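Structure, as structure tokens:
In the numbering used here, the protein residues as written are 1459 to 1655.
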């Protein structure tokens, strides 16, 4: 299973878990509605006008409070699940075989190269991206690119992945940044599902 399939599987698992949580939230809301209706029935013995007004106010308040609590519970559970999913994804990406890691970094690098004369900054402890790897990337650059990528003497504490630098412009393609971007996109999608467009 390559890195893209791993990320796709993780994203699919996260979506399935989010759907499950949404269903549980809807069931909980139905239970809360039943409790509210039972409480309203008890208020019916009061005078008709006051009971109706108080009942309507109380129902609206209790339903609003129940909806708010369900939304809070859902968001807390979603964050917990996302934390677990993305921790697993990070672990799996960091533990890719040398071949899978090389394929992933090659694809990412070829996707972000602008001119072919950028500098590649890697992590302090990176051993898989080396001068030989950069030469292979230079050979793979299509016509129109210079094919003059070079490994920088500068190293940063970025974990896996790389930073592509051209002049003062840096493009951070570290695994941590890619996972953060994927997480943000997933959170936006889940928020739309929870709160509507």
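Ideal placement from N, C-alpha and C gives every residue a C-beta, glycine not left out.
This structure is a prediction, so every number in the text was calculated from the model and none was measured.
With a minimum length of 4 residues, the unbroken runs of alpha helix (DSSP H) contained wholly in the stretch 1573-1640 fall at 1589-1598.
The residue from 1495, 1536, 1648, 1561 with its alpha-carbon nearest to that of residue 1519 is 1495. If you ignore the 5 residues before and after residue 1619, its C-beta comes within less than 6 Å of the C-beta of 1631, 1632, 1633, all in its own chain and listed in chain order. For residue 1563, the enclosing alpha helix (DSSP H) begins and ends at 1556-1570. For residue 1615 against residue 1581, the beta-carbon gap comes to about 7 Å, under 8 Å, which counts as contact. Spatial neighbours of residue 1617 in its own chain (CB-CB distance under 8 Å, excluding positions within 5 residues in sequence) are listed in chain order as 1552, 1581, 1632, 1633, 1634.
Judged by pairs of C-beta atoms under 8 Å, the stretch 1584-1598 does not touch the stretch 1524-1538, as fewer than three such pairs exist. Apart from sequence neighbours up to five positions away, the residues of its chain that approach residue 1597 with a beta-carbon distance below 8 Å are 1605, ordered along the chain.
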